[in-house]
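Enquirer:
There are 2 protein chains.
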Amino acid sequence: MTLTQLGAFVLVARLGSVRAAADVLGVSEPAVSRALAALRQHLGDQLVIRNGNGMELTEGGNRLFGIASQMVALGSEAEAAVRMAHGAPQSVRLLVTSTIAEFIATPLVEAFGRRWKGMFETTSGVASAAEMRVLLPNRLADVALGPEIATDPTLGLASEPVLRYRMVVVAAPRLRLHGTPGRWQWLVDPSGTDPDSDTGRLLRAYRVPEARIRVFPNQTAAWAAAADGAGVAPAVATLIAGQLRRGELVETELRAIHGCWYATTLAPDRRSDGARYLRNFLGTPEAMHLMCAPGTGVPPSRFRPPVYVTIWS
Amino acid sequence: MTLTQLGAFVLVARLGSVRAAADVLGVSEPAVSRALAALRQHLGDQLVIRNGNGMELTEGGNRLFGIASQMVALGSEAEAAVRMAHGAPQSVRLLVTSTIAEFIATPLVEAFGRRWKGMFETTSGVASAAEMRVLLPNRLADVALGPEIATDPTLGLASEPVLRYRMVVVAAPRLRLHGTPGRWQWLVDPSGTDPDSDTGRLLRAYRVPEARIRVFPNQTAAWAAAADGAGVAPAVATLIAGQLRRGELVETELRAIHGCWYATTLAPDRRSDGARYLRNFLGTPEAMHLMCAPGTGVPPSRFRPPVYVTIWS
DNA sequence: AAGCGCGATGCAGGTCCCGGCACACTTCGA
DNA sequence: TCGAAGTGTGCCGGGACCTGCATCGCGCTT
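Protein chains in written order, with our numbering: chain Y, 1 to 313; chain Z, 314 to 626.
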């Protein structure tokens, strides 16, 4: 399986013709046909089959198509990325939990970029604690901001506390709660599916069964549902201050628990430059301040959609 | 540039040693060293350099590393995907706007899966209208749900209206608005950055300058900021019913405009099976009902983080 | 029924990749 | 200062990949 073969296959699938693909690639038609034949034999699937006038993808070909497209594109991207690297800013990859991504990551990344103007180009991605634990030692990310990851220092990771916060449980003012917390309806953001997050630990501490948990696409939506009386929602105290002030939500009688965000990197002697600078920045008063204030939106030109990180290999 | 070479490079970068990588791969050490040399020459970058005891990545190597990891992983994923395709459910890829992704996509995909149990496996991704226009004809997606895309039928795309809705502009009850709408502060979700979305068209119609727009990571967060008195926010009437009922937000005097979601696929004779079935499902009363009701969260086991689609090549 | 377009395949040549072996070179530690 | 470990590089053989030319088979068109 070669990149050339995959490229030929992608083009055939897109254009629906071997000959057309050959013309685009600037090679003879048999060359493309052979590449296709090699792929077919290697993967044990016809991939594309003649269908009267045109070619049709098999189900296997359909699945391969998306993956192959990415591989081909990544190939050229790789060349471009390496050539661009000369004199370009260093890239820093920050991993965060979904809650941090929603409120804090964007202003934090922007402030870091301003602090060391032009030196770094930071991207942030959403990941669970388990994924962070894999991505960091494999150098697929530089810094993780979220729950404590490295309780065991032998793995080469170092987690340091960055910010302590109060975590409260809120509900609509008129909501009447019956029974133990384990019988309430809990409305959480995606970090609730991560057993290592503060939300996950909270749910486990109160023995909330899966049936009593509803996951919302983001923290604000979970709070909106809570304001509608659908149940209770955990929240970082400083981030929900607005809703409490306006009276949409109130704290329940559950006592607040304390959480902490940690910055995790490789051990100090193995850190990349970017990891070092970003780690230090997270300890500055400016970063502290940003972490306490909920996001206020960004201008369109500076908006970047979040990246959800998946583990490759 | 070969997949074998990239695999060798990734392993060297991860393990920090050519010899260790060779041991893992089960080949001799010079073989790995050669692969590395070939990559270095091809890309014109040292990629990794000896640093006393261990190897250090150059900035170019750092960038290549992430991309190469993906490529290697995608390689094995491709083989697995094709082999799994025999007898497995067909995969259907649905593109949606960020607003639809937030409230509607998950229950819609789930209902579709229940309707044709086991026949299809649907994934949804967030994309702008411009991206949809590229992804659909290239068969990188099967169905798009969002603004009208195919005004010109010669491209081989067919957009059909699915659901009409009222779009209102809301604000905090006590907010006093001065001047023309173009001077207000507008709080929008990521679809506001897409000029072809209804939100984008609305902003253009009122000539709102970039400085007066704040983009929030999701629609609910934009509404929460509006409830806090930070400005006005556009909203699909049926999705914001809860906040209006609770009195957190009220409609402004701007008259409601009408929007419509369209389902776009390839022309009928070129549609895949999945596209055909999903397109028909979108016209059923069940789908209509789901599109009018805001999301209520899902159990943890059924939660899937959103995929943000980027265009490959 | 004949013609035509298109894809698949046998044949042959060139190129490049991949593997191992041997050996020069650098760096670290004793 | 000298060994040890590890990396980079000739050298070479085997094999896989890429290419073009010619040819065959298939289905659609006329």
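Glycine included, each C-beta is placed from N, C-alpha and C at the ideal position. Remember, it's a predicted structure, so these values are computed and weren't measured experimentally.
Ends of the alpha helix (DSSP H) at Ser-382(Z)?
Expert: On the second sequence, position 69 is the one that residue 382(Z) refers to. Residues 372 to 397.
Enquirer: Out of curiosity, what's the CA-to-CA distance linking Arg-204(Y) and Ser-197(Y)?
Expert: One-based indexing of the first sequence puts residue 204(Y) at position 204. One-based indexing of the first sequence puts residue 197(Y) at position 197. Near 11 Å, if we compare the C-alpha coordinates of Ser-197(Y) and Arg-204(Y).
Enquirer: Helix, strand or coil for Gln-46(Y)? Go by DSSP, reduced to three states.
Expert: Taking the first residue of the first sequence as position 1, residue 46(Y) is located at position 46. Residue state, collapsed to three classes: coil.
Enquirer: Measuring alpha carbon to alpha carbon, tell me which of Pro-402(Z), Ala-484(Z), Phe-433(Z), Gly-329(Z) ends up nearest Gln-556(Z).
Expert: For the purposes of this step, residue 556(Z) is taken as the residue at position 243 of the second sequence. When each option's Cα is compared against that of Gln-556(Z), the closest is Ala-484(Z).
Enquirer: In the DSSP assignment, what are the bridge partners of Met-55(Y)?
Expert: Here residue 55(Y) corresponds to residue number 55 of the first sequence, with the count starting at 1. Met-55(Y) is bridged to Arg-50(Y).
Enquirer: Give me the Cβ distance between Pro-268(Y) and Val-528(Z), rounded to the nearest whole Å; I'm assuming they're in contact under 8 Å.
Expert: As a position in the first sequence, residue 268(Y) is number 268, starting the count at 1. As a position in the second sequence, residue 528(Z) is number 215, starting the count at 1. With a Cβ gap of about 37 Å, Pro-268(Y) and Val-528(Z) do not count as contacting.
Enquirer: How would you write the range of the beta strand (DSSP E) that Pro-618(Z) sits in, first residue to last?
Expert: Taking the first residue of the second sequence as position 1, residue 618(Z) is located at position 305. Premise fails: Pro-618(Z) is in no beta strand (DSSP E) and is neither H nor E.
Enquirer: Taking buried to mean at least 16 other C-beta atoms within 10 Å of its own C-beta, is Pro-161(Y) buried or exposed?
Expert: Position 161 of the first sequence, counting from 1, holds the residue named residue 161(Y). It is exposed - the Cβ of Pro-161(Y) has fewer than 16 other Cβ atoms within 10 Å.
Enquirer: Please name the residues in the stretch 132 to 144 of chain Y whose beta-carbon is closer than 8 Å to at least one beta-carbon of chain Z, in chain order.
Expert: Of all residues in the stretch 132 to 144 of chain Y, Asn-138, Arg-139, Leu-140 have a Cβ within less than 8 Å of some Cβ in chain Z.
Enquirer: Can you list, in chain order, the residues of its chain with a C-beta nearer than 6 Å to that of Ser-411(Z)? Leave out the 5 residues immediately preceding and following it.
Expert: In the second sequence, the residue the question calls residue 411(Z) occupies position 98. The answer, listed in chain order, is Val-439, Asp-502, Pro-503, Ser-504.
Enquirer: Rounding to the nearest angstrom, what Cα-Cα distance links Val-232(Y) and Ala-321(Z) in this structure?
Expert: Taking the first sequence and counting its residues from 1, one reaches residue 232(Y) at position 232. Taking the second sequence and counting its residues from 1, one reaches residue 321(Z) at position 8. C-alpha separation (whole angstroms): 51 Å.
Enquirer: Is the stretch 430 to 445 of chain Z touching the stretch 405 to 419 of chain Z in the sense that three or more CB pairs, one from each, lie closer than 8 Å?
Expert: With a cut-off of 8 Å, the stretch 430 to 445 of chain Z and the stretch 405 to 419 of chain Z count as touching, because enough Cβ pairs lie within range.
Enquirer: What are the partner residues of Phe-120(Y), as DSSP defines its beta bridges?
Expert: Stepping through the first sequence from its first residue, residue 120(Y) is reached at position 120. Looking at the DSSP assignment, Phe-120(Y) forms a beta bridge with Gln-90(Y).
Enquirer: Taking the alpha-carbon positions, what's the Arg-589(Z) to Gly-426(Z) distance?
Expert: One-based indexing of the second sequence puts residue 589(Z) at position 276. One-based indexing of the second sequence puts residue 426(Z) at position 113. Each residue's Cα considered, the two are about 14 Å apart.
Enquirer: Is Glu-564(Z) helix, strand or coil by DSSP?
Expert: As a first step, residue 564(Z) must be located in the second sequence, where it is residue number 251. Reduced to three states, the DSSP call for Glu-564(Z) is strand.
Enquirer: For a contact defined as C-beta to C-beta under 8 Å, what are the partners of Thr-435(Z) on chain Y?
Expert: Reading the second sequence from its first residue, position 122 is the one you call residue 435(Z). Simply none; closest approach about 13 Å.
Enquirer: Kindly confirm or deny that the stretch 219 to 235 of chain Y and the stretch 600 to 620 of chain Z touch, where touching means at least three C-beta pairs closer than 8 Å.
Expert: Yes, the stretch 219 to 235 of chain Y is in contact with the stretch 600 to 620 of chain Z.
Enquirer: Check the Cβ-Cβ distances between Pro-460(Z) and every residue of chain Y, and say whether any is below 9 Å.
Expert: Within the second sequence, numbered from 1, the residue matching residue 460(Z) stands at position 147. Answer no: the Cβ-Cβ gap between Pro-460(Z) and chain Y never drops below 9 Å.
Enquirer: Sorted by chain position, which residues of the same chain lie with C-beta nearer than 7 Å to Arg-479(Z)'s C-beta, five sequence neighbours on each side aside?
Expert: Taking the second sequence and counting its residues from 1, one reaches residue 479(Z) at position 166. Once the five neighbours on either side are set aside, the close Cβ partners of Arg-479(Z) are Ala-550, Ala-569, His-571.
Enquirer: Could you work out which residues of chain Y lie near Tyr-621(Z), taking near to mean beta carbons separated by less than 9 Å?
Expert: As a position in the second sequence, residue 621(Z) is number 308, starting the count at 1. Residues of chain Y passing the Cβ test: Pro-305, Pro-306, Val-307, Tyr-308.
Enquirer: Is the CB-CB distance between Ala-351(Z) and Gln-383(Z) below 9 Å?
Expert: Taking the second sequence and counting its residues from 1, the one referred to as residue 351(Z) is at position 38. Taking the second sequence and counting its residues from 1, the one referred to as residue 383(Z) is at position 70. Not a contact, by the Cβ cut-off of 9 Å.
Enquirer: Distance check for Asp-194(Y) and Ala-141(Y), CA to CA, integer angstroms please.
Expert: The count along the first sequence starts at 1 and reaches residue 141(Y) at position 141. The count along the first sequence starts at 1 and reaches residue 194(Y) at position 194. Rounded to whole angstroms, Ala-141(Y) to Asp-194(Y) spans 19 Å at the Cα level.
Enquirer: Note down, in chain order, every chain Y residue with its Cβ under 9 Å from the Cβ of Asn-364(Z).
Expert: Residue numbering aside, residue 364(Z) sits at position 51 when the second sequence is read from its first letter. Those within 9 Å of Asn-364(Z) in chain Y number zero; the least Cβ separation is about 11 Å.
Enquirer: Taking only runs that begin and end inside the stretch 257 to 300 of chain Y, name each unbroken alpha helix (DSSP H) of 4 or more residues, in chain order.
Expert: Counting whole runs of 4 or more residues, the stretch 257 to 300 of chain Y contains the alpha helix (DSSP H) stretches 273 to 282, 285 to 292.
Enquirer: Which residues of chain Z have a Cβ atom closer than 8 Å to the Cβ of Pro-299(Y), listed in chain order?
Expert: Here residue 299(Y) refers to the residue found at position 299 of the first sequence. The answer, in chain order, is Glu-523, Ala-524, Ile-526, Arg-527, Val-528.
Enquirer: Hey, is Ser-17(Y)'s beta-carbon within less than 9 Å of any beta-carbon in chain Z?
Expert: The residue given as residue 17(Y) occupies position 17 in the first sequence. By this cut-off, Ser-17(Y) is not an interface position.
Enquirer: Gly-54(Y): buried (16+ other C-beta within 10 angstroms of its C-beta) or exposed?
Expert: As a first step, residue 54(Y) is located in the first sequence; it is residue number 54 there, counting from the start. Its Cβ having fewer than 16 others within 10 Å, Gly-54(Y) is exposed.
Enquirer: How many angstroms separate the CA atom of Arg-63(Y) from the CA atom of Ala-222(Y)?
Expert: The residue labelled residue 63(Y) in the question sits at position 63 within the first sequence. The residue labelled residue 222(Y) in the question sits at position 222 within the first sequence. Their backbone Cα atoms lie some 35 Å apart in a straight line.
Enquirer: Closest by CA to Leu-562(Z), which one among Trp-261(Y), Leu-254(Y), Ala-224(Y), Glu-251(Y)?
Expert: For the purposes of this step, residue 562(Z) is identified with residue 249 of the second sequence, where counting begins at 1. Comparing Cα-Cα distances from Leu-562(Z) to each of Trp-261(Y), Leu-254(Y), Ala-224(Y), Glu-251(Y), the minimum goes to Ala-224(Y).
Enquirer: For the stretch 73 to 92 of chain Y, which residues have a CB atom closer than 8 Å to at least one CB atom of chain Z, in sequence order?
Expert: Per Cβ criterion, the list reads Ala-73, Leu-74, Gly-75, Ser-76, Glu-77, Ala-78, Glu-79, Ala-81, Val-82, Arg-83, Met-84, Ala-85, His-86, Ala-88, Gln-90, Ser-91.
Enquirer: So for Pro-161(Y), helix, strand or coil by DSSP?
Expert: Locating residue 161(Y) in the first sequence gives position 161, where the first residue counts as 1. Strand.
Enquirer: May I have the straight-line CA-CA distance separating Gln-532(Z) from Leu-603(Z), to the nearest angstrom?
Expert: In the second sequence, counting from the first residue as 1, residue 532(Z) sits at position 219. In the second sequence, counting from the first residue as 1, residue 603(Z) sits at position 290. Between Gln-532(Z) and Leu-603(Z), the C-alpha separation is close to 18 Å.
Enquirer: Could you tell me which of Gly-182(Y), Leu-278(Y), Tyr-262(Y), Ala-101(Y) sits nearest to Arg-207(Y), measuring between CA atoms?
Expert: Walking along the first sequence from the start, residue 207(Y) turns up at place 207. It is Gly-182(Y).
Enquirer: Could you pull the DSSP bridge partners for Arg-214(Y) from this structure?
Expert: One-based indexing of the first sequence puts residue 214(Y) at position 214. Paired residues: Leu-187(Y).
Enquirer: Please list, in chain order, all residues of the same chain as Trp-497(Z) whose beta carbon is under 7 Å from its beta carbon, the five residues on each side excluded.
Expert: The count along the second sequence starts at 1 and reaches residue 497(Z) at position 184. Closer than 7 Å at the Cβ level, and outside the excluded window around Trp-497(Z), lie Leu-490, Arg-525, Gly-544, Val-545.
Enquirer: Using the rule of at least 16 other Cβ atoms within 10 Å of the residue's Cβ for burial, across every protein chain shown, is Ser-301(Y) buried or exposed?
Expert: Here residue 301(Y) refers to the residue found at position 301 of the first sequence. With fewer than 16 Cβ atoms within 10 Å of its Cβ, Ser-301(Y) is classed as exposed.
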